[in-house]
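Residue numbers (mature numbering (1 follows the signal peptide of the UniProt record, and there is no 0)): -20 to -1, 1 to 322.
Where a beta carbon is used, it is the ideal one built from N, C-alpha and C, also for glycine.
Since we're looking at a predicted model, the values are computed, not measured.
Below is one structure, written out as structure tokens, with a few remarks after it.
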């Protein structure tokens, strides 16, 4: 896996939540209000200088949602960077895919059994881990949620993108791109995680509130590229006049692009995250654009928060990792490029 950044660019990656969000602009040059909201919350992150250094004997154990998307490899890189900087070992695992709830719960059990200093958890199913989280709390192991919130008061903090605001940003650009009218299809990557629900709900709510001329087709769920591609083709076949398709993560967006290309239809595709297919499609003009998170920062800030928890420090309830819109005009911008991965 190759991240589109040199190793020395970590500072640029970590700055996304504090700066790139405020510079995210619409195609007509107006600053995004949703991006500004995200950048304000991101200021709650604790400064590196305030993080106690470890002696490389304690482990922070992160259980992610998977390894099949390059996004999680970027999160892992950020987590490992923080571990090295602050003197902690980092164990990073994830299930085979983002539907494998049982596998993830088994990994969370393994994390508990290993008695780490702290656990980071990105829940596939926000409610399914309740019993295990209770056992982790009973063992006095602090928990930090990342990427998705967890339906529990056990996590001391959650490191995540403001997914509702980021999805609204994608919707805002979709409205502009299709001229505020036509049929729009949604390919949502799941219906169980808070991330999955918020990225579709945020998109739909913004469209309904701001674009009366747009008809939203019934949302479809497809968290795997092949399934998303078939879903995209089915949407186009059933709605030959479809104006646009939104994919709520890398797999959903990649499938939307593939389906549109295979159908030979001229459809405006707006995505989320990055990945080789989206990057190439945006550069080629076959995808309009996407919203990027800062996956490296998510991993980095999760380990930081876990270290602070281990040392009894207070944490903000949410640490916003930021987001920004990118398209052909700004894909190589220094505030965007370090957060894109193939």
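Excluding the 5 residues flanking residue i on each side, which residues of the same chain have their C-beta closer than 6 Å to its C-beta?
i: residue 251; result: 227, 233, 258 and 270
i: residue 195; result: 163
i: residue 157; result: 248 and 268
i: residue 219; result: 163
i: residue 96; result: 39 and 41
i: residue 107; result: 131
i: residue 284; result: 31 and 62
i: residue 167; result: 200, 202, 208, 211, 227, 232 and 236
Less than 8 Å between the CB atoms is what I'm expecting for residue i and residue j, so what's the real figure, rounded?
i: residue 247; j: residue 222; result: 6 Å
i: residue 28; j: residue 142; result: That belief does not hold up - the Cβ atoms of residue 28 and residue 142 are roughly 22 Å apart, past 8 Å.
i: residue 98; j: residue 276; result: No, residue 98 and residue 276 are not in contact; Cβ-Cβ is about 20 Å, not under 8 Å.
i: residue 260; j: residue 213; result: Between residue 213 and residue 260 the Cβ distance is about 20 Å, and since that is not below 8 Å, they are no contact.
Pull the bridge partners of residue i from the DSSP assignment, please.
i: residue 168; result: 201
i: residue 330; result: The shown model of the chain, from -20 to 322, leaves out residue 330, and the question about it has no answer.
i: residue 270; result: 251 and 306
i: residue 40; result: 70 and 98
i: residue 140; result: 300
i: residue 196; result: 164
i: residue 280; result: Residue 280 is not bridged to any residue.
i: residue 51; result: Residue 51 is not bridged to any residue.
Sorted by chain position, which residues of the same chain lie with C-beta nearer than 8 Å to residue i's C-beta, five sequence neighbours on each side aside?
i: residue 146; result: 14, 18, 179, 182, 252, 271, 273 and 303
i: residue 9; result: Annotation note: pLDDT 36 at residue 9 (below 50); position unreliable, coordinate value reported separately. Correct list: empty, nothing qualifies.
i: residue 278; result: 55, 58, 126, 127, 139, 140, 141 and 301
i: residue 112; result: 85, 88, 89 and 92
i: residue 207; result: 235
i: residue 217; result: 243
i: residue 171; result: 177 and 201
i: residue 36; result: 67, 68 and 69
i: residue 245; result: 216, 220 and 222
i: residue 114; result: 134
Within 10 angstroms of its Cβ, does residue i collect 16 or more other Cβ (buried), or is it exposed?
i: residue 32; result: exposed
i: residue 230; result: buried
i: residue 297; result: exposed
i: residue 110; result: exposed
i: residue 198; result: exposed
i: residue 23; result: With a pLDDT of 40 at residue 23, under the threshold of 50, the modelled position of that residue is not reliable, and no figure is offered here.
i: residue 78; result: buried
i: residue 45; result: buried
Considering only residues of the same chain and omitting the five flanking positions on each side of residue i, which have a CB-CB separation below 7 Å?
i: residue 119; result: 92
i: residue 175; result: 127, 128 and 143
i: residue 324; result: Absent from the structure is residue 324, since the part of the chain shown begins at -20 and ends at 322.
i: residue 6; result: Confidence is the limiting factor: at residue 6 the pLDDT is only 36, short of 50, which leaves the residue's position unreliable and the question unanswerable from this model.
i: residue 150; result: 183, 226, 250, 252 and 271
i: residue 306; result: 269, 270, 272 and 316
Are the C-beta of residue i and some C-beta of chain D separated by less than 7 Å?
i: residue 235; result: Of the protein chains in this structure there is only one, and it is not chain D.
For the pair the region 123 to 143 and the region 187 to 196, tell me if three or more CB-CB distances fall below 8 Å.
Not touching, per the Cβ criterion.
Would you be able to state if there are at least three C-beta pairs under 8 Å between the region 62 to 80 and the region 120 to 130?
Under the Cβ criterion (8 Å, minimum of three pairs), the region 120 to 130 does not count as touching the region 62 to 80.
Please determine if the region 306 to 315 and the region 92 to 108 are in contact, where contact requires at least 3 C-beta pairs separated by less than 8 Å.
Because the criterion of three Cβ pairs below 8 Å is not met, the region 306 to 315 and the region 92 to 108 do not touch.
At a cut of 8 Å, does the region 99 to 108 reach the region 70 to 85 through at least three beta carbon pairs?
The region 99 to 108 vs the region 70 to 85: in contact.
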